[in-house]
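Those protein sequence lines, which keep their order, are chains A and B. Just so you know, we're using the working numbering here: the first sequence kicks off at 456 and counts up by one. Just so you know, we're using the working numbering here: the second sequence kicks off at 456 and counts up by one. For every residue, glycine included, the Cβ atom is placed at its ideal position computed from N, Cα and C. On a predicted model such as this, the values are computed, not experimentally measured, just so you know. Below: one structure, written as structure tokens.
Protein chains: 2
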Amino acid sequence: MSAEIVSTGTELLLGQNLNTNARYLSERLASLGISCYFQTTVGDNQDRIEQVLEIARGRADIIITTGGLGPTMDDLTKEVVAELCGRSLQLHEPSLHHIESFFQRRGRSMPENNKKQALIPEGAIIIPNHQGTAPGFIVEEGTKTFILLPGPPNEMEPMFEETVKPYLSMKTKSDPTILYSRLLKIVGRGESVVEDQLRDLLMEQSNPTIALLAKQEGLHIRLTARAKTEAEAKELIKELEAEVVHRLRPYIFGFDQDTLSGVVGQSLLKKGKKLAIAESCTGGLIAHEITNEAGSSAYFLLGVTAYDNSAKKALLGVEEKTLQSHGAVSAETALAMAQGVKKIAGADIAVAVTGIAGPSGGTKEKPVGLVYGAIADDAYSEVKEFRFTGTREIIKERTATAVLNWLRFHLNEKP
Amino acid sequence: MSAEIVSTGTELLLGQNLNTNARYLSERLASLGISCYFQTTVGDNQDRIEQVLEIARGRADIIITTGGLGPTMDDLTKEVVAELCGRSLQLHEPSLHHIESFFQRRGRSMPENNKKQALIPEGAIIIPNHQGTAPGFIVEEGTKTFILLPGPPNEMEPMFEETVKPYLSMKTKSDPTILYSRLLKIVGRGESVVEDQLRDLLMEQSNPTIALLAKQEGLHIRLTARAKTEAEAKELIKELEAEVVHRLRPYIFGFDQDTLSGVVGQSLLKKGKKLAIAESCTGGLIAHEITNEAGSSAYFLLGVTAYDNSAKKALLGVEEKTLQSHGAVSAETALAMAQGVKKIAGADIAVAVTGIAGPSGGTKEKPVGLVYGAIADDAYSEVKEFRFTGTREIIKERTATAVLNWLRFHLNEKP
């Protein structure tokens with residue numbers, strides 16, 4: 456069984472709103488094992504809505520629309536669907552009563568044009584709306600099903616959960632399949648390199664399927680199995696997951712909901728180590744990411760953004776001659792910053808970064824994107840040189856990701 | 456002239472990603488006066504991509520695609536468009552060279568399958584990609600134009616601005632109606648309150664139109680005028696803008712491309728004041744935002760994320776008895792943190808925040824979301840109490856925004 460999502464609303468075509476409904480519905484459909492092959496967005500225009508619904512009816516079994524059920528003249532979805540299915544619109548007393556009492560509860564009387572929302576296509580199944588005035592509808596026309604939902608997510612989502620989801624589960628009972636997905640999250644390897652390493656698996660994929668998703672902070676590998684039960688699906692994924700992990704182990708930092716800063720935080724906690732951070736080019740971003748994790752106060756002591764050299768000297772104890780002879784962006788300065796912040800924080804382990812985020816400030820020897828990172832703990836310290844490209848913000852992000860991933864390695868390898 | 460946006464990517468159909476590209480492109484097209492009547496999303500499937508592009512070609516003059524230009528086997532957009540237009544794919548040496556040097560700059564050699572990205576449809580116009588490996592293309596086929604862009608927004612957006620926008624401006628010269636938009640950016644007033652204050656303007660709107668866009672960091676008011684020339688459009692907007700500014704002046708921090716941290720940075724620069732920041736609950740986010748601005752090293756000296764009390768004492772000189780009698784989350788501690796970081800940084804002005812970001816750590820007296828902020832300069836210091844709601848990350852963001860906005864006020868009002 457396949458579905459198409461049709462979002463109506465000129466504001467979407469003007470780029471005034473993000474289409475969160477399409478994402479929400481796609482996710483729910485996948486969890487029900489219903490394939491969604493197309494999403495379409497169209498404005499509040501009768502002819503174009505009709506054209507889009509015609510095409511959708513031709514290539515999908517279930518057409519789910521959002522928007523266009525409001526009281527105004529440019530709310531047209533219901534009218535177009537009724538016309539396409541040759542149904543008349545009839546006044547639905549219970550809905551009218553619901554709308555009237557909706558306004559009464561707010562101490563207002565119902566505006567005349569809200570009456571329009573109580574008109575429903577002949578023979579439609581009503582989808583009650585407890586958050587707003589517009590009811591939704593399910594219209595079955597031969598082998599095709601139109602499901603009409605309002606646009607506001609706070610109305611649409613509960614309506615989907617309460618009425619549409621059970622309805623679709625019934626429909627798919629005959630062929631009860633669910634889709635179960637597992638995410639493997641990678642840092643430090645590019646999409647094309649990973650594809651090389653997984654080429655054979657990608658070629659012969661069927662069930663489970665395997666997909667590579669490039670993300671700002673790294674790469675996700677999605678394994679998706681189709682089965683009758685979640686247990687079965689998990690079983691199907693197990694073997695493929697083991698093989699992928701085997702091939703890419705050092706680069707896989709986590710699974711599903713894991714974040715890099717969360718994984719780092721957990722191993723700090725497990726090892727009972729307290730962290731301090733000294734930043735220059737990242738300007739506080741690394742500390743920000745570490746502290747996005749609930750409970751990070753258990754392992755994070757101090758972050759210093761020493762943007763100015765005087766701060767590097769006065770606070771972190773970087774020596775004038777280090778800055779003079781090697782420069783603020785150098786392995787020596789990075790190391791001194793890490794050791795300095797570790798000392799003043801009384802931390803067990805510290806990381807530091809200094810680099811050139813750009814757009815200006817680069818030279819031939821030290822171009823924009825050159826970054827030195829350092830890790831220092833009681834037993835050990837190490838420095839790394841990185842070279843990144845991109846805008847200022849991207850260089851900051853890539854630096855934070857690389858340094859956190861390096862810290863993850865370090866915590867796993869060292870006792 | 457009309458356009459259709461076609462987004463490719465199975466992750467969109469599985470609801471794993473929000474389609475931010477469609478929104479971005481729609482907004483840019485509107486600003487160029489090009490009507491976008493449809494947005495379509497399709498998976499990484501050759502037949503379905505072909506079907507969607509056929510339909511798009513039938514109903515739009517310009518088809519803009521995002522995604523499917525990567526090095527992997529399920530990157531298919533270029534191949535399908537070449538086939539539709541009967542063009543062969545040819546190796547483009549400059550692009551190949553660009554891709555090779557992209558990997559060289561990272562000290563790596565180019566994986567074999569990246570070569571695929573240097574294949575371009577015969578006779579296509581190249582859209583250079585300075586952030587990544589995949590170039591984009593413009594393929595003109597009779598009266599129709601295909602514009603192919605990569606999926607990652609950090610690559611797609613600059614490519615649109617640098618190459619596609621000027622190309623489309625040329626194309627639309629013949630029929631010069633342009634849409635000119637002006638953004639007024641607001642912090643400290645919610646959407647519904649602003650809607651009340653502008654209700655009459657919202658009711659009467661025609662040309663220019665007025666739209667409220669709720670954003671993470673505040674609220675945008677967009678005024679959009681349609682006219683033959685930009686000068687005319689600006690003239691149309693002038694009066695309405697003056698009225699909106701008159702009603703909301705104190706809450707408007709900037710216009711169009713302005714960012715709050717950028718506006719703060721500019722007034723620091725103008726006043727020749729150097730800034731230091733002490734953070735607790737925001738964990739470095741305020742410093743991160745300040746340093747997202749190019750050139751911030753001219754006015755930002757030091758950020759200290761004193762997550763642990765020992766750091767608040769040792770580094771910022773917050774006294775034990777202050778922490779004992781008032782607690783780490785208190786007006787007194789915030790003030791001491793601001794004065795402390797100002798002193799050690801040798802700054803002219805300092806801000807500090809301490810609060811409870813949650814989800815745990817709240818009490819009846821000091822609930823999650825309670826935040827104290829402080830500003831200290833040579834002549835003056837002040838403390839403010841804030842109460843925010845939301846997740847940990849949202850509380851961090853709202854705190855950073857509120858404190859930066861307060862600093863903006865302070866810099867405007869004090870000599």
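Under 7 Å by beta carbon: chain B residues contacting residue i
i, result
"L825 of chain A", "Within chain B, no residue comes near L825 of chain A; the closest Cβ sits about 11 Å away, beyond 7 Å."
"N860 of chain A", "The contacting residues do not exist; N860 of chain A stays about 15 Å from chain B at best."
Nearest residue (CA-CA) to residue i, options the options
i, options, result
"G541 of chain A", "A:D530, A:V594 and A:D803", "A:V594"
"F558 of chain B", "A:E848, A:R842, A:L866 and A:T856", "A:R842"
"R847 of chain B", "B:T746, B:I799 and B:C736", "B:C736"
"V536 of chain B", "B:E596, B:L723, B:Q794 and B:G470", "B:E596"
"L453 of chain B", "B:E612, B:I707 and B:A733", "The shown model of chain B, from 456 to 870, leaves out residue 453 of chain B, and the question about it has no answer."
"N747 of chain A", "A:Y762, A:L715 and A:T520", "A:L715"
"K571 of chain B", "B:L484, B:T598 and B:G523", "B:G523"
"A831 of chain A", "A:E820, A:E840, A:I849 and A:D803", "A:D803"
"A761 of chain A", "A:V507, A:Q501, A:I745 and A:M792", "A:M792"
Amino acids of chain A, ordered along the chain, whose beta-carbon sits closer than 7 Å to that of residue i
i, result
"P607 of chain B", "A669"
"D763 of chain B", "L756 and L757"
"A485 of chain B", "L469 and G470"
"A834 of chain B", "By Cβ distance, chain A contributes nothing, its closest Cβ being about 23 Å from A834 of chain B, past 7 Å."
"N662 of chain B", "The contacting residues do not exist; N662 of chain B stays about 14 Å from chain A at best."
"A766 of chain B", "L756, L757 and A800"
Separation of residue j from residue i, as counted between CA atoms
i, j, result
"S751 of chain B", "E617 of chain A", "51 Å"
"E690 of chain B", "K626 of chain B", "25 Å"
"L771 of chain B", "E659 of chain A", "60 Å"
"M456 of chain A", "L678 of chain A", "21 Å"
"I602 of chain B", "I518 of chain B", "6 Å"
"P605 of chain A", "E650 of chain B", "22 Å"
"N474 of chain A", "R560 of chain A", "31 Å"
"G813 of chain A", "G845 of chain A", "9 Å"
"Q471 of chain A", "R478 of chain B", "7 Å"
"T664 of chain A", "R637 of chain A", "10 Å"
"K725 of chain B", "D655 of chain B", "38 Å"
"L467 of chain A", "P621 of chain B", "24 Å"
"N584 of chain B", "A857 of chain A", "23 Å"
"A669 of chain A", "D530 of chain A", "38 Å"
"I811 of chain A", "L480 of chain B", "31 Å"
"I580 of chain B", "V823 of chain A", "29 Å"
"Q794 of chain B", "N764 of chain B", "16 Å"
"A749 of chain A", "T809 of chain B", "16 Å"
"R681 of chain B", "T598 of chain A", "45 Å"
Within chain A, partners of residue i - CB distance below 9 Å
i, result
"R644 of chain B", "By Cβ distance, chain A contributes nothing, its closest Cβ being about 19 Å from R644 of chain B, past 9 Å."
"E466 of chain B", "A666, L668, H675 and R677"
Buried or exposed by the 16-neighbour rule on C-beta atoms within 10 Å, applied to residue i
i, result
"F864 of chain B", "exposed"
"M528 of chain A", "exposed"
"L546 of chain B", "exposed"
"S564 of chain A", "exposed"
"H743 of chain B", "buried"
"H553 of chain A", "buried"
"K729 of chain A", "buried"
"E459 of chain B", "buried"
"V700 of chain B", "exposed"
"V942 of chain B", "Within the shown structure, residues of chain B are numbered from 456 to 870, placing residue 942 of chain B beyond reach of any answer."
Within chain A, the residues that residue i reaches when beta carbons sit closer than 8 Å
i, result
"Q586 of chain B", "T844, G845, T846 and I849"
"E482 of chain B", "L469, G470 and Q471"
"L623 of chain B", "What L623 of chain B touches in chain A: nothing, since even the nearest Cβ is about 15 Å away."
"A749 of chain B", "G813, P814, S815 and R847"
Chain B contact residues for residue i, given Cβ-Cβ distances below 9 Å
i, result
"R503 of chain A", "Y492, F493 and R514"
"A657 of chain A", "The question names Ala, but residue 657 of chain A is Leu in the sequence shown. Going along chain B in sequence order, the residues near L657 of chain A (Cβ under 9 Å) are T527, M528 and D529."
"I510 of chain A", "I510"
The ligand ADP heavy atom lying under 6 Å from the CB of residue i
i, result
"T818 of chain B", "Absent from the structure shown: the ligand ADP. Ligands present: none."
Within chain B, partners of residue i - CB distance below 8 Å
i, result
"I489 of chain A", "Under the 8 Å cutoff, chain B gives no residues; its nearest Cβ is about 11 Å from I489 of chain A."
"T496 of chain A", "A477, F493, Q494 and T495"
Original post:
According to a CB-to-CB cut-off of less than 8 Å, which residues of the stretch 769-801 of chain A neighbour chain B?
Top reply: A769, L770, I799, A800 and G801
**OP:** May I ask you to list, following chain order, the residues of the stretch 517-541 of chain B that have a beta carbon less than 9 Å from some beta carbon of chain A?
**Re:** G525, P526, T527, M528 and D529
Subject >> Members of the stretch 549-573 of chain B that neighbour chain A once the beta carbon cut-off is set at 8 Å >> reply: Listed by position along the chain: F557, R560, R561, G562, P566, E567, N568 and N569.
**OP:** Give the residues from the stretch 729-743 of chain A that approach chain B closer than 7 Å (Cβ to any Cβ), ordered along the chain.
**Re:** G738, G739, L740, A742 and H743
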